[in-house]
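Visitor: Sharing a structure here in structure tokens format.
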Amino acid sequence: MQMLPYNVQCVRNGSEEYYPETSGKKSIQKKRYGRIRGDMARFPKKLSSAWDGVKNFSRFVLSIVRSFRSIKYLRFRSLYSIVVNQTRFTGVDALPIIVSIALLLGATVIIQATKNFPKFGIEGFIGNLLVIIIARELGPLATAMIVVSRSGSAIAAEIATQQQNREILSLELMGVDTKLYIVFPRIIASIIAIFSLIIIFDIIAFFGGYLISLTTVFIPAKSFVQTLLDAFSFSDLAITILKSVIYGILIPLICCYYGFMPRSNFQIPIFVSRAVVRTLVILFVINAFISALFYF
Amino acid sequence: MKFEKNELRVAVFILIPLVILLMFVTLKLGYSLASSTIDVYLKIDSLTSIKEGTQVKVKGYTIGRVIDIKPVYKPALHFLAVMRIKKDIEIYEDCSAIIQNQNIIGDPVIEIRNTEKKGELLADHSVVEGIEYVNLEAILQDVHALLTTLTSTVNVIRDISIESKGNLRTLVANLSNSVATINGILSSSQKDILAILASFRETAKTMNEISEELKKHPVKFLFKK
Chain A
1 MQMLPYNVQC VRNGSEEYYP ETSGKKSIQK KRYGRIRGDM ARFPKKLSSA WDGVKNFSRF
61 VLSIVRSFRS IKYLRFRSLY SIVVNQTRFT GVDALPIIVS IALLLGATVI IQATKNFPKF
121 GIEGFIGNLL VIIIARELGP LATAMIVVSR SGSAIAAEIA TQQQNREILS LELMGVDTKL
181 YIVFPRIIAS IIAIFSLIII FDIIAFFGGY LISLTTVFIP AKSFVQTLLD AFSFSDLAIT
241 ILKSVIYGIL IPLICCYYGF MPRSNFQIPI FVSRAVVRTL VILFVINAFI SALFYF
Chain B
1001 MKFEKNELRV AVFILIPLVI LLMFVTLKLG YSLASSTIDV YLKIDSLTSI KEGTQVKVKG
1061 YTIGRVIDIK PVYKPALHFL AVMRIKKDIE IYEDCSAIIQ NQNIIGDPVI EIRNTEKKGE
1121 LLADHSVVEG IEYVNLEAIL QDVHALLTTL TSTVNVIRDI SIESKGNLRT LVANLSNSVA
1181 TINGILSSSQ KDILAILASF RETAKTMNEI SEELKKHPVK FLFKK
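Those protein sequence lines, which keep their order, are chains A and B.
The first sequence: position 217 = 217 (my numbering), numbered continuously.
Take any residue in the second sequence, note its place counting from 1, add 1000, and you have its number in my numbering.
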């Protein structure tokens, strides 16, 4: 290895960092100092690369918006079949996992509530708690997380593989607007699937919660439903729809963006992982933002 | 038009949540597929008065009756009386249900009382807390118990007064003795008091004489040897 000034000697190779061999306590201190200096030196670079990423993503979104001009050249049937297949994969195939997670989550919330609510004499507010925790927050978030981990990763991997196999190139050679053909149906399918999944998730979670609540407090089913109806307002419904639309747009958009990024087969897993992690982070940020905007 | 299996599955997947959503909106807007009555649960602790058929009234006007009573075991034993009441009467969520007698020995009736402040209308399958009616028999029993206690208290006071009668007599005798002693002291000291008073008069006369002498010959009085 060529000897460079110490702060430049930190050479990044994948995820590992290598330092030139030195000996003694002084060298360890030097290493630490060098690492800190290296991190500090890299910070502006990271910031600028993040800014570049935002700019690239904006260009990607803009290119999709612009590609709507060529929608008249696409056959409805071809888009329709993609939407149906994607909805089936994102929504229908995710039902078993959504149902099981919703049941468990609803039950968990109610177990905690039935254990602690009687201490405060508010055991009659179980329905309200379900609406506040599950319908407003956990339902949309858990559904989006499941969709990202199942379908988001699949979308990124599928597009990356198609690109490496030059299938996307061949589509472009045939004159098909690939951005529109690939991204747009996935957004539509994702919105439909997430919206339906959120509602199913909420209903199943309420049901699970109700079943668990029966073990400690008897609430007539009709009365429970009435409490839920009272607690769930139209604004809650509007926010749920808004969340499903925002998640439905963002998840395929970010995953498609990272799907188009790999330049070799080796980069596919890296970008798939990046797509999932970054989509999740953005979802949490947006969820917090929406909650703060409407409920704070 | 023939649908593929995928299309049917997706259609069902989309339609079920939409139907649920539509039902929610319909119910939330206050529409109902039910008849002109609504069923409201009345939560009560004991079944001393209410039975199936008990009338539900608002300001004396019958608006429905109890159609069923269900025991509830959790968290503690209580009962839910299902009241089927007319929907066209405006009853609000914050109303109170008082279980009372129609007259002194009449049948119990559930009197619904609206609050002065108008709120949300009482919805189907809502739960209203029942306020137990005033049980006449229980009141009579309580009054009887109270009278018994009062009688025993009066008896105790009477016993105490009889026991203390002797003590009171002794006290009065002692008091009369004390008065007699004081009288004796006063009568024995009467002569001495007269003598003291006469002495005071004599002293007063002497003091007058001195003062007159002092007025007439003040210098002589001073240098008199």
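A virtual CB, placed ideally from N, CA and C, is assigned to each residue, including glycine.
I'd like to know whether the C-beta of A:Phe232 is nearer than 9 Å to at least one C-beta of chain B.
Guide: In the first sequence, the residue the question calls residue 232 of chain A occupies position 232. Answer yes: the Cβ-Cβ gap between A:Phe232 and chain B drops below 9 Å somewhere.
Visitor: Give me the Cα-Cα distance between A:Ser151 and A:Phe89, rounded to the nearest whole angstrom.
Guide: Locating residue 151 of chain A in the first sequence gives position 151, counting from the first residue. Locating residue 89 of chain A in the first sequence gives position 89, counting from the first residue. When rounded, the distance between both Cα atoms is 7 Å.
Visitor: From what residue to what residue does the beta strand (DSSP E) around B:Thr1037 run?
Guide: Start at 1 with the first residue of the second sequence, and residue 1037 of chain B comes out as number 37. Note, B:Thr1037: beta strand (DSSP E), Thr1037 to Ile1044.
Visitor: Where does A:Thr22 sit, in a helix, a strand or coil, going by DSSP?
Guide: Locating residue 22 of chain A in the first sequence gives position 22, counting from the first residue. Below a pLDDT of 50, predicted positions are generally treated as unreliable, and A:Thr22, at 48, falls in that range; no measurement from the model is reported.
Visitor: I need the straight-line Cα distance from A:Phe117 to A:Asn128, nearest angstrom please.
Guide: As a working note, residue 117 of chain A is residue 117 in the first sequence. As a working note, residue 128 of chain A is residue 128 in the first sequence. Taking the straight line from one Cα to the other gives about 12 Å.
Visitor: Does B:Asp1124 get closer than 9 Å to chain A when you measure Cβ to Cβ?
Guide: Looking up residue 1124 of chain B in the second sequence gives position 124. So yes, B:Asp1124 belongs to the interface.
Visitor: I'd like to check one pair, B:Ile1063 with B:Ala1081: are the Cβ atoms closer than 9 Å?
Guide: Position 81 of the second sequence holds residue 1081 of chain B. Position 63 of the second sequence holds residue 1063 of chain B. Not closer than 9 Å, so no.
Visitor: Can you tell me the Cα-Cα spacing of A:Pro269 and A:Ala157, whole angstroms?
Guide: Counted from its first residue, the first sequence places residue 269 of chain A at position 269. Counted from its first residue, the first sequence places residue 157 of chain A at position 157. Roughly 8 Å separates the two Cα atoms.
Visitor: With H, G and I counted as helix, E and B as strand and the rest as coil, what does DSSP make of A:Ser223?
Guide: As a position in the first sequence, residue 223 of chain A is number 223, starting the count at 1. Correct three-state label for A:Ser223: helix.
Visitor: Please state the DSSP three-state secondary structure of B:Phe1079.
Guide: Numbered from 1 along the second sequence, position 79 holds the residue referred to as residue 1079 of chain B. In this structure, B:Phe1079 counts as strand in the three-state DSSP scheme.
Visitor: Could you check the C-alpha separation between A:Phe224 and A:Ala288 for me, to the nearest Å?
Guide: As a working mapping, residue 224 of chain A is identified with position 224 in the first sequence. As a working mapping, residue 288 of chain A is identified with position 288 in the first sequence. Approximately 29 Å, taken between the alpha carbons.
Visitor: Excluding sequence positions up to five away, which residues of its chain have a Cβ less than 6 Å from the Cβ of A:Ile241?
Guide: Looking up residue 241 of chain A in the first sequence gives position 241. So no residue of the chain qualifies.
Visitor: Could you tell me which chain A residues have their CB closer than 8 Å to the CB of B:Asn1006, listed as they occur along the chain?
Guide: Walking along the second sequence from the start, residue 1006 of chain B turns up at place 6. Result: Val84, Asn85 and Arg88.
Visitor: For a contact defined as C-beta to C-beta under 7 Å, what are the partners of A:Val131 on chain B?
Guide: The residue labelled residue 131 of chain A in the question sits at position 131 within the first sequence. Going along chain B, no residue has its Cβ under 7 Å from A:Val131, so there is no contact; the nearest lies around 12 Å.
Visitor: What is the C-beta distance between A:Ser190 and A:Gly259, in whole angstroms, given that I count them as a contact (C-beta under 8 Å)?
Guide: Residue 190 of chain A sits at position 190 when you count from the first residue of the first sequence. Residue 259 of chain A sits at position 259 when you count from the first residue of the first sequence. The pair is not a contact, with the Cβ atoms about 14 Å apart (cut-off 8 Å).
Visitor: In chain order, what residues of the same chain have a beta carbon less than 6 Å from the beta carbon of B:Ser1126, not counting five sequence neighbours either side?
Guide: Translated into positions along the second sequence, residue 1126 of chain B becomes position 126. So the list reads Val1040, once near-sequence residues are dropped.
Visitor: Can you name the residues that DSSP bridges to A:Tyr210?
Guide: What you label residue 210 of chain A is simply residue 210 of the first sequence in a count that begins at 1. A:Tyr210 pairs with nothing; no bridge assigned.
Visitor: Should A:Val99 be flagged as near chain B, meaning a C-beta pair shorter than 9 Å?
Guide: On the first sequence, residue 99 of chain A is found 99 positions in, with the first residue counted as 1. Not one chain B Cβ lies under 9 Å of A:Val99.
Visitor: If you draw a straight line from the C-alpha of B:Ile1016 to the C-alpha of B:Ala1123, how long is it?
Guide: Along the second sequence, read from residue 1 onward, the residue named residue 1016 of chain B stands at position 16. Along the second sequence, read from residue 1 onward, the residue named residue 1123 of chain B stands at position 123. One C-alpha to the other measures close to 25 Å.
Visitor: Let me check understanding here. Comparing Cα to Cα, which of A:Leu211, A:Ala205 and A:Val245 lies closest to A:Ile101?
Guide: By one-based count along the first sequence, residue 101 of chain A stands at place 101. Comparing Cα-Cα distances from A:Ile101 to each of A:Leu211, A:Ala205 and A:Val245, the minimum goes to A:Ala205.
Visitor: Check each residue of the segment 48–72 of chain A: if its Cβ is closer than 9 Å to any Cβ of chain B, include it; give the result in chain order.
Guide: Going along the segment 48–72 of chain A in chain order, one finds no residue with a Cβ nearer than 9 Å to chain B.
Visitor: Under 7 Å Cβ-Cβ, which residues of chain B neighbour A:Val92?
Guide: As a working mapping, residue 92 of chain A is identified with position 92 in the first sequence. Chain B residues near A:Val92: Arg1009, Val1010 and Phe1013.
Visitor: Got a sec? Which residues, its chain only, sit under 8 Å from A:Ile246 by beta carbon, not counting five neighbours each side?
Guide: What you label residue 246 of chain A is simply residue 246 of the first sequence in a count that begins at 1. If we look at A:Ile246 and ignore the five residues flanking it on each side, its Cβ neighbours are Ile286 and Ile290.
Visitor: Of the residues A:Val109, A:Asp230, A:Leu47 and A:Arg166, which one's Cα is nearest the Cα of B:Ala1024?
Guide: Here residue 1024 of chain B refers to the residue found at position 24 of the second sequence. First, the residue type needs correcting, since residue 1024 of chain B is Phe and not Ala in the sequence shown. If we check each option's Cα against that of B:Phe1024, A:Asp230 comes out closest.
Visitor: Under the criterion of a Cβ to heavy atom distance below 8 Å, does B:Gly1053 qualify as lining the ligand ZN?
Guide: For the ligand ZN, the structure offers nothing, since it holds no ligand at all.
Visitor: Can you confirm whether B:Leu1018, when its beta carbon is compared against all beta carbons of chain A, has any partner nearer than 9 Å?
Guide: Here residue 1018 of chain B refers to the residue found at position 18 when the second sequence is read from its first residue. Chain A, which has a Cβ nearer than 9 Å to the Cβ of B:Leu1018, makes this yes.
Visitor: Does any residue of chain D bring its CB to less than 9 Å from the CB of B:Asp1039?
Guide: Among the chains of the structure shown, chain D does not appear; the protein chains present are A and B.
Visitor: What residue range does the alpha helix (DSSP H) around A:Arg127 cover?
Guide: Here residue 127 of chain A refers to the residue found at position 127 of the first sequence. A quick correction: the sequence has Gly, not Arg, at residue 127 of chain A. It spans Ile126 to Leu130 - the alpha helix (DSSP H) in which A:Gly127 sits, taken as one unbroken run.
Visitor: Taking Cβ positions only, does B:Val1109 come closer than 9 Å to chain A?
Guide: One-based indexing of the second sequence puts residue 1109 of chain B at position 109. It does not; no Cβ of chain A falls within 9 Å.
Visitor: Check the C-beta distance from A:Leu253 over to A:Met145 and give it rounded, since I have them as a contact under 8 Å.
Guide: Taking the first sequence and counting its residues from 1, the one referred to as residue 253 of chain A is at position 253. Taking the first sequence and counting its residues from 1, the one referred to as residue 145 of chain A is at position 145. Not confirmed; about 17 Å, so no contact.
Visitor: Return the CA-CA distance between A:Ser244 and A:Ser196, expressed in angstroms with no decimal places.
Guide: For this step, residue 244 of chain A is matched to residue 244 along the first sequence. For this step, residue 196 of chain A is matched to residue 196 along the first sequence. Spanning the two alpha carbons is a distance of roughly 9 Å.
Visitor: Below 8 Å, can you find three or more Cβ-Cβ pairs linking the segment 74–86 of chain A to the segment 171–190 of chain A?
Guide: The segment 74–86 of chain A, when compared against the segment 171–190 of chain A, does touch it at the 8 Å Cβ threshold.
Visitor: Once DSSP output is grouped into helix, strand and coil, what is the label at B:Pro1017?
Guide: As a working note, residue 1017 of chain B is residue 17 in the second sequence. In the structure shown, B:Pro1017 sits in a helix (DSSP, three-state: H, G or I).
Visitor: Which class does B:Asn1174 belong to by DSSP, given the choice of helix, strand or coil?
Guide: The residue you call residue 1174 of chain B lines up with position 174 of the second sequence. Reduced to three states, the DSSP call for B:Asn1174 is helix.
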